[in-house]
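Chains as they are written, first to last, in the working numbering: chain A, 1 to 304; chain B, 1 to 128.
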Amino acid sequence: MNSHPDSPLVFQATNLAKHYDAHVALAGVTLSLGHGGIVGLIGRNGAGKSTLLNVMAGLTLPTSGECYTLGTRTDLLDSPELTRLGFVMQEPRFVEWMTVELHLEFTASFYPSWDRDLQGRLVAMLDVPVKRRLGELSTGDRQKVAILLGMCHRPALLLLDEPMSSLDPIARSRMLELLLELMGDDECTVVISSHLLNDIEKVANRIIALDAGRVVLDEGYDELLESYAEWVVTAKDGQSLSPFTEPCILRQQTSGRIARLTVCLADAPEVESFATAHNVLVQTRPLNLEEIYALLLRGQEVVA
Amino acid sequence: MPPLLVINSHNGVPAYRQIMDQIKLQIDSGVLMVGDEMASTRALAAELQLNPMTVSKAYALLERDGVLERRRGQTLVVRQRSTHEVDESRLTHLRQRLREAADMASQLGVSRTEAMRLFREMLNPPKS
Numbered sequence: 001m002n003s004h005p006d007s008p009l010v011f012q013a014t015n016l017a018k019h020y021d022a023h024v025a026l027a028g029v030t031l032s033l034g035h036g037g038i039v040g041l042i043g044r045n046g047a048g049k050s051t052l053l054n055v056m057a058g059l060t061l062p063t064s065g066e067c068y069t070l071g072t073r074t075d076l077l078d079s080p081e082l083t084r085l086g087f088v089m090q091e092p093r094f095v096e097w098m099t100v101e102l103h104l105e106f107t108a109s110f111y112p113s114w115d116r117d118l119q120g121r122l123v124a125m126l127d128v129p130v131k132r133r134l135g136e137l138s139t140g141d142r143q144k145v146a147i148l149l150g151m152c153h154r155p156a157l158l159l160l161d162e163p164m165s166s167l168d169p170i171a172r173s174r175m176l177e178l179l180l181e182l183m184g185d186d187e188c189t190v191v192i193s194s195h196l197l198n199d200i201e202k203v204a205n206r207i208i209a210l211d212a213g214r215v216v217l218d219e220g221y222d223e224l225l226e227s228y229a230e231w232v233v234t235a236k237d238g239q240s241l242s243p244f245t246e247p248c249i250l251r252q253q254t255s256g257r258i259a260r261l262t263v264c265l266a267d268a269p270e271v272e273s274f275a276t277a278h279n280v281l282v283q284t285r286p287l288n289l290e291e292i293y294a295l296l297l298r299g300q301e302v303v304a
Numbered sequence: 001m002p003p004l005l006v007i008n009s010h011n012g013v014p015a016y017r018q019i020m021d022q023i024k025l026q027i028d029s030g031v032l033m034v035g036d037e038m039a040s041t042r043a044l045a046a047e048l049q050l051n052p053m054t055v056s057k058a059y060a061l062l063e064r065d066g067v068l069e070r071r072r073g074q075t076l077v078v079r080q081r082s083t084h085e086v087d088e089s090r091l092t093h094l095r096q097r098l099r100e101a102a103d104m105a106s107q108l109g110v111s112r113t114e115a116m117r118l119f120r121e122m123l124n125p126p127k128s
């Protein structure tokens, strides 16, 4: 079957692999995205984030596996789907001799849904130098233009590959604001890749982490944050603590009568009963995305 | 009137939890009164620069917990609760802080009498 026109999914991949000669960029990715929401795609350099986004946009064809974007197999994507897709590449390519203004006109002519109000607002918000030629722009300004070109047709699926890596803090924060607005207005689905977790944690409601071409994590952001905690444990009787053996304890550092435990809450006992059982005081602290991410990657390496 | 909320997106507490906790505290401390209207999901999300899904999740859970209710139409307002419910909810905020204080007292080896004296003193500061 070439398409799922009624599919409620904006993207669906089964066992997706992409090899560049001997190099494996994606090694069996299975995932599906429904309508709406902001997905944070995280992973180290070379984890496969850009390759996955390129495959989603149909710019790269997978070596094996199946994938559908906006209900159509990605090798068959054509105008109806492409006009509903927005892609902001990490290193955008433009017609370099054009002024920004002219380039916007040029790109707008391909999209019936081009939103001139949004374009005007974005130009003002991000402070884009419209009169200058693209070839003369700084990396940051080029990134802003790429954002405009990727967003002004109000896509149903917006793919952003490290869109904020060259932006200054003000442009960054405006960009995040904009994403949220776009999402609220149109039920647009946004996939944003970044190795800067601070940007992601402000907006994403789902986190997908890639490592060595595999999905190592795919979970709602809130659920993820609520899955782990750090417990600082102090012995009540002044004795040294011996190692804890509960399987829910993923890591522990003990120093005399104090220990720092990283706990997987799904199979952890209640804090009170743990405290009573070991005759200890427990102070709990949530872990943030960065800490959880480090924890999961370390886990990965231990398994491998 | 949108309540004044401060969300920290880096402390590991999900934003919807922070919204819930702060709205509950505002209600229990009388900043928000019964019948007061909540900002719309969209308005609050824009103000806090959060994903609208986060705000609607917080509102839905506050409604489930009987803290807010939906008035005819769409507006969410602070729900009238029984005295018992209100008291229980107030104590929940305090219990959490006192738990930490009790643990700290125990960790520092401060005696029960000493700790109680300190708490009493804080409740009734001596007039100088």
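We put the CB at the ideal spot given by N, CA and C, even for glycine.
1. For M38/B and S82/B, what's the separation of their Cα atoms in angstroms?
2. Whose Cβ in chain B lies nearer than 7 Å to the Cβ of G120/A?
3. Just how far apart, CA to CA, sit G256/A and N279/A?
4. Within 10 Å of its beta-carbon, does K131/A have 16 or more other beta-carbons around it, so buried, or fewer, so exposed?
5. Assuming the contact rule is C-beta atoms closer than 8 Å, V190/B and D21/B should be a hit. Round their C-beta distance to whole Å, please.
6. Three or more C-beta pairs closer than 8 Å, one from the region 156-172 of chain A and one from the region 84-96 of chain A: is that the case here?
7. Should the region 195-204 of chain A be called in touch with the region 114-121 of chain A, which here means at least 3 C-beta pairs below 8 Å?
8. What residue range is occupied by the uninterrupted alpha helix (DSSP H) comprising R251/A?
9. Could you pull out every unbroken beta strand (DSSP E) segment of at least 3 residues lying fully inside the region 38-71 of chain A, listed in chain order?
10. Check whether the Cβ of T65/B lies closer than 8 Å to any Cβ atom in chain A.
11. In chain order, what residues of the same chain lie with their CB nearer than 6 Å to the CB of G48/A, ignoring the 5 residues before and after it?
12. My output table needs one value for T107/A: the three-state DSSP class, helix, strand or coil.
13. What does the alpha-carbon distance come out to for the pair R285/A and V233/A?
14. Name the DSSP beta bridge partners of I192/A, please?
15. Around the C-beta of Q96/B, are 16 or more other C-beta atoms found within 10 angstroms, so that it is buried, or is it exposed?
16. Taking the Cβ atom as the reference point for each residue, do E201/A and L287/A lie within a distance shorter than 8 Å?
17. So is K127/B buried or exposed if we call it buried at 16+ other beta carbons inside 10 Å?
18. Which residue comes first and which comes last in the beta strand (DSSP E) that contains N28/A?
19. Whole angstroms is fine: what's the gap from E88/B's alpha carbon to L94/B's?
20. Show which residues of chain B have a CB atom less than 7 Å away from the CB atom of G37/A.
21. Going by C-alpha to C-alpha distance, which of F274/A, R116/A, P8/A and L250/A sits closest to A295/A?
22. Would you kindly work out how many angstroms separate the C-alpha atoms of L4/B and A58/B, rounded to a whole number?
23. Using the C-alpha atoms, what's the distance from R72/B back to A31/A?
24. Taking C-alpha atoms, which residue in D199/A, L137/A, G140/A and M151/A lies nearest to H10/B?
25. Kindly list, in the order they appear in chain A, the residues whose Cβ is closer than 8 Å to that of Y16/B.
26. If I measure Cβ to Cβ from P243/A and keep anything under 7 Å in the same chain, skipping five residues before and after, which residues do I get?
Reading from the atomic positions:
1. If I take the Cα positions, the gap works out to 20 Å.
2. Per Cβ cutoff of 7 Å: no residues; G120/A is ~19 Å from chain B at best.
3. Straight-line Cα distance between these residues: approximately 15 Å.
4. exposed
5. Any answer about residue 190/B is impossible in this case: the structure gives chain B only from 1 up to 128.
6. A contact exists between the region 156-172 of chain A and the region 84-96 of chain A.
7. no
8. Here R251/A belongs to no alpha helix (DSSP H); instead the beta strand (DSSP E) covers I249 to S255.
9. 38-42 and 64-69
10. Checking the displayed sequence, the identity of residue 65/B turns out to be Asp instead of Thr. Not an interface residue.
11. A25, L26, L210 and G213
12. Looking at T107/A - three-state DSSP - the assignment turns out to be helix.
13. 11 Å
14. For I192/A, which the question treats as bridged, DSSP gives the partners G40/A and L160/A.
15. By the neighbour-count definition (other C-beta atoms within 10 Å, threshold 16), Q96/B is an exposed residue.
16. no
17. Counting Cβ neighbours within 10 Å, K127/B comes out exposed, since fewer than 16 surround it.
18. Looking at the sequence shown, residue 28/A is not Asn but Gly. Residues H23 to L33.
19. C-alpha separation (whole angstroms): 10 Å.
20. Using a Cβ-Cβ cut-off of 7 Å, G37/A is close to M53 of chain B, given in chain order.
21. According to the sequence shown, residue 295/A is Leu rather than Ala. Taking only the C-alpha atoms, the option nearest L295/A is L250/A.
22. 15 Å
23. Looking at the sequence shown, residue 31/A is not Ala but Leu. Using only the alpha carbons, I get a separation of about 40 Å.
24. Cα-wise, what sits closest to H10/B is D199/A.
25. D222
26. Q252 and T254
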